[in-house]
(Lines of atoms letter the chains of each structure in order from A and count residues from 1; the text may use other names and numbers.)
(Lines give C-alpha, C1' and ligand atoms only; values in the text may rest on other atoms or scores of the structure.)
Protein backbone atom coordinates (compact mmCIF):
# COMPACT_ATOMS: atom_id res chain seq x y z
CA UNK A 1 0.00 0.00 0.00
CA UNK A 2 1.36 3.37 -1.06
CA UNK A 3 0.97 5.57 2.04
CA UNK A 4 1.44 9.28 2.61
CA UNK A 5 1.89 10.79 6.08
CA UNK A 6 0.60 14.36 6.03
CA UNK A 7 1.61 17.04 8.53
CA UNK A 8 0.13 20.54 8.19
CA UNK A 9 2.53 22.83 10.07
CA UNK A 10 2.65 26.44 11.23
CA UNK A 11 5.70 27.71 13.15
CA UNK A 12 6.71 24.24 14.38
CA UNK A 13 10.47 24.38 13.71
CA UNK A 14 11.24 23.60 17.37
CA UNK A 15 9.08 20.46 17.45
CA UNK A 16 8.64 19.00 13.98
CA UNK A 17 12.10 17.41 13.74
CA UNK A 18 11.37 15.01 16.59
CA UNK A 19 7.96 14.17 15.12
CA UNK A 20 9.49 13.38 11.74
CA UNK A 21 12.08 11.15 13.37
CA UNK A 22 9.30 9.21 15.06
CA UNK A 23 7.44 8.82 11.77
CA UNK A 24 10.52 7.47 10.01
CA UNK A 25 10.96 4.88 12.75
CA UNK A 26 7.30 3.85 12.76
CA UNK A 27 6.52 3.94 9.03
CA UNK A 28 9.80 3.88 7.08
CA UNK A 29 8.13 2.97 3.78
CA UNK A 30 5.68 5.90 3.84
CA UNK A 31 6.26 9.21 2.11
CA UNK A 32 6.14 12.15 4.51
CA UNK A 33 4.68 15.45 3.33
CA UNK A 34 4.86 18.65 5.39
CA UNK A 35 2.57 21.46 4.25
CA UNK A 36 4.07 24.64 5.69
CA UNK A 37 1.16 27.02 6.24
CA UNK A 38 3.09 30.28 5.89
CA UNK A 39 5.41 29.78 8.85
CA UNK A 40 7.60 32.68 9.99
CA UNK A 41 10.23 30.29 11.36
CA UNK A 42 12.33 27.56 9.68
CA UNK A 43 9.67 24.84 9.75
CA UNK A 44 10.23 24.08 6.06
CA UNK A 45 14.01 23.91 6.42
CA UNK A 46 13.86 21.57 9.41
CA UNK A 47 11.38 19.33 7.59
CA UNK A 48 13.54 19.11 4.47
CA UNK A 49 16.63 18.35 6.54
CA UNK A 50 14.73 15.47 8.12
CA UNK A 51 13.95 14.01 4.69
CA UNK A 52 10.33 15.12 4.29
CA UNK A 53 8.82 16.49 1.13
CA UNK A 54 7.65 20.06 1.68
CA UNK A 55 4.95 22.23 0.14
CA UNK A 56 4.98 25.87 1.25
CA UNK A 57 1.85 28.01 1.19
CA UNK A 58 2.44 31.72 0.50
CA UNK A 59 0.92 32.82 3.81
CA UNK A 60 -1.12 31.42 6.70
CA UNK A 61 -4.33 30.08 5.14
CA UNK A 62 -5.52 27.81 7.95
CA UNK A 63 -5.05 24.20 9.01
CA UNK A 64 -7.90 22.99 6.81
CA UNK A 65 -6.42 24.55 3.67
CA UNK A 66 -3.03 23.06 4.51
CA UNK A 67 -4.58 19.62 4.99
CA UNK A 68 -6.56 19.82 1.77
CA UNK A 69 -3.40 20.82 -0.07
CA UNK A 70 -1.92 17.54 1.13
CA UNK A 71 -4.97 15.55 0.04
CA UNK A 72 -4.81 17.07 -3.44
CA UNK A 73 -1.12 16.16 -3.57
CA UNK A 74 -2.03 12.57 -2.61
CA UNK A 75 -4.65 12.33 -5.36
CA UNK A 76 -2.25 13.72 -7.94
CA UNK A 77 0.53 11.31 -6.91
CA UNK A 78 -1.74 8.24 -6.64
CA UNK A 79 -1.45 7.38 -2.93
CA UNK A 80 -3.67 4.61 -1.53
CA UNK A 81 -3.87 6.06 1.97
CA UNK A 82 -3.16 9.30 3.82
CA UNK A 83 -2.43 9.49 7.54
CA UNK A 84 -2.98 12.96 9.00
CA UNK A 85 -1.29 13.89 12.27
CA UNK A 86 -0.27 17.04 14.08
CA UNK A 87 3.24 18.43 13.66
CA UNK A 88 3.56 19.62 17.27
CA UNK A 89 4.18 16.25 18.94
CA UNK A 90 0.72 15.68 20.42
CA UNK A 91 0.14 12.55 18.33
CA UNK A 92 2.27 9.44 18.81
CA UNK A 93 3.93 8.42 15.49
CA UNK A 94 4.34 4.85 16.75
CA UNK A 95 0.56 4.46 16.41
CA UNK A 96 0.59 5.13 12.65
CA UNK A 97 0.81 1.40 11.72
CA UNK A 98 -2.38 0.69 13.67
CA UNK A 99 -4.28 3.24 11.59
CA UNK A 100 -2.73 2.03 8.34
CA UNK A 101 -3.67 -1.56 9.17
CA UNK A 102 -7.38 -0.68 9.32
CA UNK A 103 -7.21 0.77 5.80
CA UNK A 104 -4.99 -2.01 4.42
CA UNK A 105 -7.33 -4.72 5.74
CA UNK A 106 -10.35 -2.81 4.39
CA UNK A 107 -11.96 -2.81 7.81
CA UNK A 108 -13.06 0.78 7.23
CA UNK A 109 -12.58 3.69 4.87
CA UNK A 110 -11.54 6.01 7.72
CA UNK A 111 -9.47 5.08 10.77
CA UNK A 112 -9.84 7.56 13.65
CA UNK A 113 -7.23 7.63 16.40
CA UNK A 114 -9.03 7.86 19.74
CA UNK A 115 -7.25 9.14 22.83
CA UNK A 116 -10.06 7.75 24.99
CA UNK A 117 -9.85 4.09 24.00
CA UNK A 118 -7.30 1.65 25.42
CA UNK A 119 -3.87 3.24 25.76
CA UNK A 120 -5.21 6.77 25.30
CA UNK A 121 -7.48 6.72 28.33
CA UNK A 122 -5.16 8.89 30.47
CA UNK A 123 -5.45 11.95 28.22
CA UNK A 124 -6.55 15.10 30.04
CA UNK A 125 -8.34 18.02 28.36
CA UNK A 126 -9.48 21.38 29.73
CA UNK A 127 -13.04 21.80 30.98
CA UNK A 128 -14.25 23.80 27.99
CA UNK A 129 -12.65 21.40 25.54
CA UNK A 130 -14.19 18.40 27.32
CA UNK A 131 -17.60 20.06 27.18
CA UNK A 132 -17.18 20.76 23.50
CA UNK A 133 -16.11 17.17 22.81
CA UNK A 134 -19.20 15.89 24.62
CA UNK A 135 -21.55 18.18 22.70
CA UNK A 136 -19.96 17.39 19.35
CA UNK A 137 -20.04 13.67 20.11
CA UNK A 138 -23.75 13.87 20.95
CA UNK A 139 -24.53 15.80 17.78
CA UNK A 140 -22.50 13.36 15.69
CA UNK A 141 -24.45 10.46 17.18
CA UNK A 142 -27.79 12.15 16.49
CA UNK A 143 -26.82 12.93 12.89
CA UNK A 144 -25.10 9.65 11.98
CA UNK A 145 -26.22 7.01 14.47
CA UNK A 146 -22.56 6.34 15.33
CA UNK A 147 -21.16 6.86 18.83
CA UNK A 148 -17.65 8.30 18.63
CA UNK A 149 -15.39 8.32 21.68
CA UNK A 150 -13.14 11.02 20.16
CA UNK A 151 -15.01 12.93 17.47
CA UNK A 152 -12.50 15.82 17.46
CA UNK A 153 -9.40 13.69 16.90
CA UNK A 154 -7.11 14.98 14.17
CA UNK A 155 -5.12 11.73 14.07
CA UNK A 156 -6.77 9.92 11.16
CA UNK A 157 -6.12 7.70 8.17
CA UNK A 158 -8.14 7.96 4.97
CA UNK A 159 -8.39 5.37 2.21
CA UNK A 160 -8.07 6.46 -1.41
CA UNK A 161 -11.82 6.98 -1.98
CA UNK A 162 -12.01 9.26 1.05
CA UNK A 163 -8.89 11.16 0.00
CA UNK A 164 -10.48 11.93 -3.36
CA UNK A 165 -13.66 12.98 -1.57
CA UNK A 166 -11.96 15.42 0.84
CA UNK A 167 -9.80 16.85 -1.95
CA UNK A 168 -12.89 18.68 -3.24
CA UNK A 169 -13.64 22.31 -2.45
CA UNK A 170 -15.99 21.73 0.53
CA UNK A 171 -13.27 20.88 3.05
CA UNK A 172 -13.19 23.29 6.06
CA UNK A 173 -10.55 26.03 5.95
CA UNK A 174 -9.65 26.06 9.64
CA UNK A 175 -10.95 23.41 12.07
CA UNK A 176 -11.79 20.08 10.42
CA UNK A 177 -13.11 17.86 13.17
CA UNK A 178 -16.61 16.54 13.89
CA UNK A 179 -18.14 18.15 10.82
CA UNK A 180 -15.84 16.17 8.53
CA UNK A 181 -16.69 12.84 10.19
CA UNK A 182 -20.41 13.60 9.98
CA UNK A 183 -20.15 14.45 6.29
CA UNK A 184 -18.08 11.33 5.57
CA UNK A 185 -20.47 9.04 7.42
CA UNK A 186 -23.53 10.50 5.74
CA UNK A 187 -21.79 10.08 2.38
CA UNK A 188 -21.61 6.35 3.03
CA UNK A 189 -18.04 5.84 4.21
CA UNK A 190 -17.22 3.35 6.96
CA UNK A 191 -15.50 4.77 10.04
CA UNK A 192 -13.62 2.92 12.78
CA UNK A 193 -11.89 4.20 15.92
CA UNK A 194 -8.49 2.88 16.97
CA UNK A 195 -6.82 3.40 20.39
CA UNK A 196 -3.88 5.82 20.16
CA UNK A 197 -1.76 7.89 22.51
CA UNK A 198 -1.87 11.67 22.63
CA UNK A 199 0.13 14.11 24.72
CA UNK A 200 -0.06 17.74 25.82
CA UNK A 201 1.57 20.18 23.46
CA UNK A 202 5.24 20.74 24.37
CA UNK A 203 5.74 24.49 24.10
CA UNK A 204 4.63 27.00 21.49
CA UNK A 205 1.12 28.37 21.05
CA UNK A 206 -1.73 25.89 21.00
CA UNK A 207 -4.73 26.31 18.71
CA UNK A 208 -6.77 26.05 21.92
CA UNK A 209 -4.93 28.77 23.86
CA UNK A 210 -6.46 32.02 25.11
CA UNK A 211 -9.90 32.77 23.66
CA UNK A 212 -9.45 30.30 20.82
CA UNK A 213 -11.45 27.51 22.56
CA UNK A 214 -14.51 29.76 22.61
CA UNK A 215 -14.19 30.49 18.91
CA UNK A 216 -13.54 26.81 18.23
CA UNK A 217 -16.67 25.67 20.07
CA UNK A 218 -18.99 28.14 18.34
CA UNK A 219 -17.38 27.64 14.94
CA UNK A 220 -17.64 23.86 15.22
CA UNK A 221 -21.24 23.99 16.47
CA UNK A 222 -22.17 26.01 13.39
CA UNK A 223 -20.24 23.72 11.07
CA UNK A 224 -21.75 20.58 12.61
CA UNK A 225 -25.25 22.05 12.30
CA UNK A 226 -24.66 22.76 8.60
CA UNK A 227 -22.92 19.46 7.82
CA UNK A 228 -26.13 17.54 6.97
CA UNK A 229 -27.12 20.26 4.49
CA UNK A 230 -23.96 19.99 2.40
CA UNK A 231 -24.44 18.54 -1.06
CA UNK A 232 -21.49 16.23 -0.45
CA UNK A 233 -23.26 14.65 2.54
CA UNK A 234 -25.83 13.16 0.16
CA UNK A 235 -23.39 11.92 -2.46
CA UNK A 236 -22.39 8.30 -2.11
CA UNK A 237 -18.73 7.46 -2.41
CA UNK A 238 -17.59 6.77 -5.92
CA UNK A 239 -20.49 8.77 -7.42
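In this note's numbering, the protein residues as written are 481 to 719. We treat Cβ as the ideally placed atom computed from N, Cα and C, and that holds for glycine. Because the structure is a prediction, the values reported are computed rather than measured.
Item to check | Length-filtered (4 minimum) alpha helix (DSSP H) runs lying within the stretch 492-573 | outcome: 496-506, 523-529 and 543-557
Checklist entry - Hey, how far is the Cα of residue 592 from the Cα of residue 541? => result Position 112 of the chain shown holds residue 592. Position 61 of the chain shown holds residue 541. Rounded to whole angstroms, residue 592 to residue 541 spans 25 Å at the Cα level.
Item to check | Rounded straight-line distance, which links the Cα of residue 628 to that of residue 436 | outcome: No answer is possible for residue 436: the residues shown for the chain start at 481 and end at 719.
Item to check | Rounded straight-line distance, which links the Cα of residue 552 to that of residue 633 | outcome: For the purposes of this step, residue 633 is identified with residue 153 of the chain shown, where counting begins at 1. For the purposes of this step, residue 552 is identified with residue 72 of the chain shown, where counting begins at 1. Cα to Cα, the separation comes out at about 21 Å.
Checklist entry - In chain order, what residues of the same chain lie with their CB nearer than 6 Å to the CB of residue 679, ignoring the 5 residues before and after it? => result Your numbering for residue 679 matches position 199 in the chain shown. Same-chain partners within the cutoff: 570.
Checklist entry - Which residue's Cα is closest to the Cα of residue 674: 625, 491 and 587? => result For the purposes of this step, residue 674 is identified with residue 194 of the chain shown, where counting begins at 1. Ranking 625, 491 and 587 by Cα distance to residue 674 puts 587 first.
Checklist entry - According to the neighbour-count rule (16 or more other Cβ atoms, all chains shown, within 10 Å of its Cβ), is residue 491 buried or exposed? => result Taking the first residue of the chain shown as position 1, residue 491 is located at position 11. The residue in question, residue 491, is buried, as its Cβ has 16 or more Cβ neighbours within 10 Å.
Item to check | Coil, strand or helix - residue 629 by DSSP | outcome: Looking up residue 629 in the chain shown gives position 149. Three-state result, residue 629: coil.
Checklist entry - Helix, strand or coil for residue 597 per DSSP? => result The sequence position of residue 597 within the chain shown is 117, counting from 1. Coil at residue 597, not helix or strand.
Checklist entry - Sorted by chain position, which residues of the same chain lie with C-beta nearer than 7 Å to residue 614's C-beta, five sequence neighbours on each side aside? => result The residue given as residue 614 occupies position 134 in the chain shown. Correct list: empty, nothing qualifies.
Next on the checklist: By the three-class DSSP mapping on this structure, what secondary structure does residue 691 have?
Outcome noted: The residue given as residue 691 occupies position 211 in the chain shown. The predicted model places residue 691 with a pLDDT of 49, which falls under 50 and marks its position as unreliable, so this point remains unresolved.
Next on the checklist: Determine whether the beta carbon atoms of residue 531 and residue 498 lie at a separation below 9 Å.
Outcome noted: Indexing the chain shown from 1 puts residue 531 at position 51. Indexing the chain shown from 1 puts residue 498 at position 18. Going by C-beta atoms, residue 531 is not nearer than 9 Å to residue 498.
Item to check | Backbone CA spacing between residue 626 and residue 485 [nearest angstrom] | outcome: Counting from one through the chain shown, the residue named residue 626 turns up at place 146. Counting from one through the chain shown, the residue named residue 485 turns up at place 5. Between residue 626 and residue 485, the C-alpha separation is close to 27 Å.
Item to check | Proximity below 9 Å, CB of residue 544 to CB of residue 589 | outcome: Against the chain shown, residue 544 aligns to sequence position 64. Against the chain shown, residue 589 aligns to sequence position 109. For residue 544 and residue 589, no; Cβs fall outside 9 Å.
Item to check | Contact under 9 Å by Cβ, residue 483 with residue 535 | outcome: Reading the chain shown from its first residue, position 3 is the one you call residue 483. Reading the chain shown from its first residue, position 55 is the one you call residue 535. No, they are not a contact pair.
Next on the checklist: So, under 8 Å CB-CB, residue 502 and residue 574 are touching, yes? Tell me the CB distance rounded to an integer number of Å.
Outcome noted: By one-based count along the chain shown, residue 502 stands at place 22. By one-based count along the chain shown, residue 574 stands at place 94. With a Cβ gap of about 7 Å, residue 502 and residue 574 count as contacting.
Item to check | Contacts around residue 578, its chain only, beta-carbon distance under 6 Å, and the 5 residues preceding and following it disregarded | outcome: Taking the first residue of the chain shown as 1, we reach residue 578 at position 98. Correct list, in chain order: 674.
Item to check | Local conformation of residue 644 per DSSP, three classes | outcome: Residue numbering aside, residue 644 sits at position 164 when the chain shown is read from its first letter. Residue 644 falls in the helix class under three-state DSSP.
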